[in-house]
Amino acid sequence: MDTTAPRNPAQWWKGAVIYQVYPRSYQDSNGDGIGDLAGLTARLPYIASLGVDALWICPFFKSPQRDFGYDVSDYRDIDPLFGSMDDCDRLIAEAHKLGLKIIFDLVFSHTSETHPWFAQSRRKQNGMDDWYVWADPKPDGSPPNNWVSLFGGPAWTFDPMRGQYYLHNFLKEQPDLNFHNPSVQDAILEIVRFWMDRGVDGLRLDVVNFYFHNRNLADNPPRPKELSAATQYDKPDPYNMQRHIHDKSQPENLTFIERMRALTDTYEARFLMGEIGDDYQVKRSAEYTQGHKRLHSAYCFAMLIGLDINLTADYIKSAILEELEASGSQSWPTWAFGNHDMPRAVTRMGSRNVANPDWPKMLMALLLTLRGTICMYQGEELGLTEAVLSFDQLQDPWGKHLWPVWQGRDGCRTPFPWDDGINAGFSPAKPWLPIAPDHTTKNQKTQQTDATSMLHFTMGMATLRKNNAALKTGDIAFLDAPQNLLAYTRKEGKNAFLCVFNLQDTTATLKHDLDVKAGGLANQAVISGGTVTLEAFGFAVVPVASESISRATA
35 MDTTAPRNPA QWWKGAVIYQ VYPRSYQDSN GDGIGDLAGL TARLPYIASL
85 GVDALWICPF FKSPQRDFGY DVSDYRDIDP LFGSMDDCDR LIAEAHKLGL
135 KIIFDLVFSH TSETHPWFAQ SRRKQNGMDD WYVWADPKPD GSPPNNWVSL
185 FGGPAWTFDP MRGQYYLHNF LKEQPDLNFH NPSVQDAILE IVRFWMDRGV
235 DGLRLDVVNF YFHNRNLADN PPRPKELSAA TQYDKPDPYN MQRHIHDKSQ
285 PENLTFIERM RALTDTYEAR FLMGEIGDDY QVKRSAEYTQ GHKRLHSAYC
335 FAMLIGLDIN LTADYIKSAI LEELEASGSQ SWPTWAFGNH DMPRAVTRMG
385 SRNVANPDWP KMLMALLLTL RGTICMYQGE ELGLTEAVLS FDQLQDPWGK
435 HLWPVWQGRD GCRTPFPWDD GINAGFSPAK PWLPIAPDHT TKNQKTQQTD
485 ATSMLHFTMG MATLRKNNAA LKTGDIAFLD APQNLLAYTR KEGKNAFLCV
535 FNLQDTTATL KHDLDVKAGG LANQAVISGG TVTLEAFGFA VVPVASESIS
585 RATA
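All residue numbers for the sequence shown refer to our numbering, where the first residue is 35 and numbers rise by one.
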């Protein structure tokens with residue numbers, strides 16, 4: 035039986051499609067070249083029209099913007115770049131009127147160096163001596179251990195005022211909080227309460243497994259060559275030369291997450307989603323979502339790691355099976371092909387395929403038929419590719435550090451193209467990042483009037499998922515298929531689908547024993563009897579008789 039709502043309304047997030055917005059680059063309302071909350075609010079009807087269930091907004095809290103909002107100086111106030119608290123309240127209210135849930139992105143592992151907490155900790159004032167991770171130098175004056183920053187260099191900076199080093203897993207302007215201090219934990223939970231009281235439906239917790247560190251500050255061991263990179267940057271880099279077993283993913287982290295979940299559960303129908311970056315991505319994600327006392331869901335990074343993975347059917351199948359084996363029925367995954375930290379999926383998952391218009395459609399169909407909660411990053415609905423920038427155009431400190439081997443995160447953060455006018459309708463002023471030339475031709479206004487566009491296709495796929503329980507929350511089972519043809523079924527009760535994807539640029543055919551029914555969506559596909567033939571990057575998502583799945587897998 036088809037359904038348009040979860041069986042338990044409190045579990046609205048289960049199988050939901052979450053649209054991620056990077057507000058700096060979405061819509062500028064005041065002509066300063068930077069997107070803001072008022073601009074985002076004006077675009078809420080468009081977001082709702084996509085057929086998504088929720089909106090995740092990257093940080094817009096008060097910040098010196100050294101890492102573009104991921105360095106917070108006040109968790110309870112809005113940075114003037116983005117607007118005011120009134121703008122924030124208006125955004126929440128308008129989203130709710132449109133049936134959209136609101137998810138805020140909160141960065142708790144570290145603050146900005148300009149946060150009053152850090153200023154007081156440096157001076158050992160007001161009992162805040164131990165609110166950050168401070169350590170004495172070694173006898174020779176060097177850092178306390180071998181930990182390195184993800185953004186380059188040691189993870190320690192010496193502070194002359196205090197006469198000690200402080201820990202920063204990211205920029206030196208982002209000192210790490212000391213979660214071993216109960217007062218820090220209590221302060222963070224009060225911030226969670228503040229935003230829940232204000233009507234926020236969920237939180238996306240940035241680098242949630244970074245909260246705690248090893249108290250003894252033990253050195254990290256070297257990384258075995260066979261172990262995959264711990265970040266999206268998969269080239270030689272000091273950070274990826276260590277196994278990060280002491281600077282993150284500590285056992286105490288889970289205890290604190292349980293405290294946060296207990297608080298969240300005192301509110302109705304709220305949601306905690308974690309970003310987990312770890313050497314063992316799937317295992318760690320399952321650990322953080324086991325049972326009903328921890329996170330509701332966490333990213334599965336298997337589809338996000340790597341700069342140009344040239345996606346294969348075996349890769350996808352193994353990633354999903356690994357997640358299923360690790361989590362079983364005790365946790366719920368979140369899948370994303372892209373976000374504000376990754377090169378755009380259309381480019382990263384197969385740069386050789388970007389010229390084929392069927393490639394982004396196939397990727398979107400695949401994403402929207404996976405078992406789990408889905409995150410769709412702004413612009414994916416338009417089929418946007420990774421923007422290429424010169425060094426002079428870069429804003430991202432990580433990109434500047436790794437240039438010219440990698441341009442960092444700016445290529446996925448360029449402004450959203452609304453039309454073919456000045457600055458693609460994003461702003462009348464010079465944007466903070468340049469508009470990618472090929473993005474202008476894929477603008478939202480043009481695609482809105484073209485029934486064959488990527489935008490209309492995305493809306494159709496989102497509607498298909500929303501209206502079918504099998505695609506949202508049903509079981510997934512893989513079928514035997516020729517090489518680079520991915521085939522699986524989704525089934526919940528009588529609602530069932532066959533999903534087939536061709537990840538290669540040649541024709542391929544699947545033979546099956548399922549009873550195909552009318553409906554669904556397909557592209558570059560011929561469905562006849564017991565076969566599905568797909569042209570290059572074609573796909574078919576078609577309803578089948580549920581009992582035929584039982585026969586085929588018996």
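The beta-carbon is built from N, C-alpha and C at its ideal position, and this holds for glycine as well.
Alpha-carbon to alpha-carbon, residue j and residue i
i                 : j                 : result
glutamine 208     : alanine 552       : 55 Å
phenylalanine 491 : alanine 485       : 8 Å
histidine 330     : cysteine 122      : 25 Å
glutamine 219     : phenylalanine 213 : 6 Å
lysine 131        : methionine 119    : 18 Å
alanine 332       : serine 582        : 33 Å
alanine 169       : histidine 144     : 16 Å
leucine 519       : alanine 129       : 39 Å
leucine 423       : glutamine 99      : 20 Å
alanine 50        : methionine 493    : 14 Å
threonine 540     : threonine 507     : 32 Å
glycine 236       : glycine 372       : 20 Å
threonine 298     : arginine 124      : 23 Å
tyrosine 411      : glutamine 324     : 26 Å
asparagine 502    : alanine 303       : 22 Å
alanine 458       : phenylalanine 450 : 8 Å
isoleucine 52     : valine 86         : 6 Å
valine 106        : alanine 296       : 25 Å
tryptophan 393    : valine 380        : 7 Å
tryptophan 466    : threonine 191     : 30 Å
proline 272       : valine 560        : 49 Å
C-beta contact flag for residue i and residue j at 8 Å
i              : j                 : result
tyrosine 104   : proline 114       : no
asparagine 5   : phenylalanine 571 : No answer is possible for residue 5: it lies beyond the span of the chain, which begins at 35 and ends at 588.
serine 83      : glycine 69        : no
arginine 524   : alanine 504       : yes
leucine 513    : histidine 546     : yes
methionine 488 : leucine 548       : no
isoleucine 676 : proline 256       : An answer regarding residue 676 cannot be provided, because it is not within the stretch 35 to 588 covered by the chain.
cysteine 446   : arginine 499      : no
proline 285    : cysteine 334      : no
asparagine 536 : alanine 542       : yes
isoleucine 225 : arginine 110      : yes
leucine 404    : tryptophan 369    : yes
methionine 337 : alanine 353       : yes
glycine 117    : serine 461        : no
tyrosine 245   : phenylalanine 290 : yes
Backbone secondary structure at residue i - three-state DSSP
i              : result
lysine 525     : strand
arginine 124   : helix
tryptophan 369 : strand
tyrosine 245   : coil
serine 319     : helix
serine 331     : strand
threonine 613  : Since the first residue shown for the chain is 35 and the last is 588, residue 613 is missing from the structure and cannot be characterised.
glutamine 146  : It should be noted that the sequence gives serine, not glutamine, for residue 146. Of the three classes helix, strand and coil, the one that applies to serine 146 here is coil, per DSSP.
serine 155     : helix
serine 283     : coil
glycine 308    : strand
asparagine 274 : helix
alanine 530    : strand
Burial state of residue i (16 or more Cβ within 10 Å)
i              : result
threonine 300  : exposed
isoleucine 456 : exposed
aspartate 36   : In this predicted model, aspartate 36 has a pLDDT of only 40, less than 50, meaning its place in the structure is not dependable; the value taken from the coordinates is given anyway. Burial call: exposed.
arginine 443   : buried
glutamine 441  : buried
histidine 326  : exposed
glutamine 364  : exposed
threonine 475  : exposed
threonine 448  : buried
lysine 135     : buried
leucine 355    : exposed
lysine 259     : exposed
threonine 483  : exposed
glutamine 54   : buried
lysine 6       : As displayed, the chain neither begins before 35 nor continues past 588, which places residue 6 out of reach and without an answer.
glutamine 61   : buried
tryptophan 47  : buried
message: At 4 residues or longer, what runs of the alpha helix (DSSP H) sit wholly inside the region 449-509?
response: Within the region 449-509, the complete alpha helix (DSSP H) runs of at least 4 residues are 471-474, 478-482, 488-500, 503-507.
- request: Entirely within the region 37-115 and at least 3 residues each: give me those beta strand (DSSP E) ranges in chain order.
  value: Whole beta strand (DSSP E) segments, 3+ residues: 51-55, 88-91, 108-112.
field: Every unbroken alpha helix (DSSP H) inside the region 338-414 [4 residues or more]
entry: Counting only runs of 4 or more, we get 347-361, 379-382, 392-401.
- prompt: Which runs of the beta strand (DSSP E), 3 residues or longer, sit entirely within the region 564-588?
  reply: Counting only runs of 3+ residues, the beta strand (DSSP E) found wholly inside the region 564-588 occupies 565-577, in chain order.
- request: Please go through the region 160-200 and give each complete alpha helix (DSSP H) segment of 4 or more residues, from N-terminal end onward.
  value: The alpha helix (DSSP H) runs lying completely inside the region 160-200 and spanning 4 residues or more number zero.
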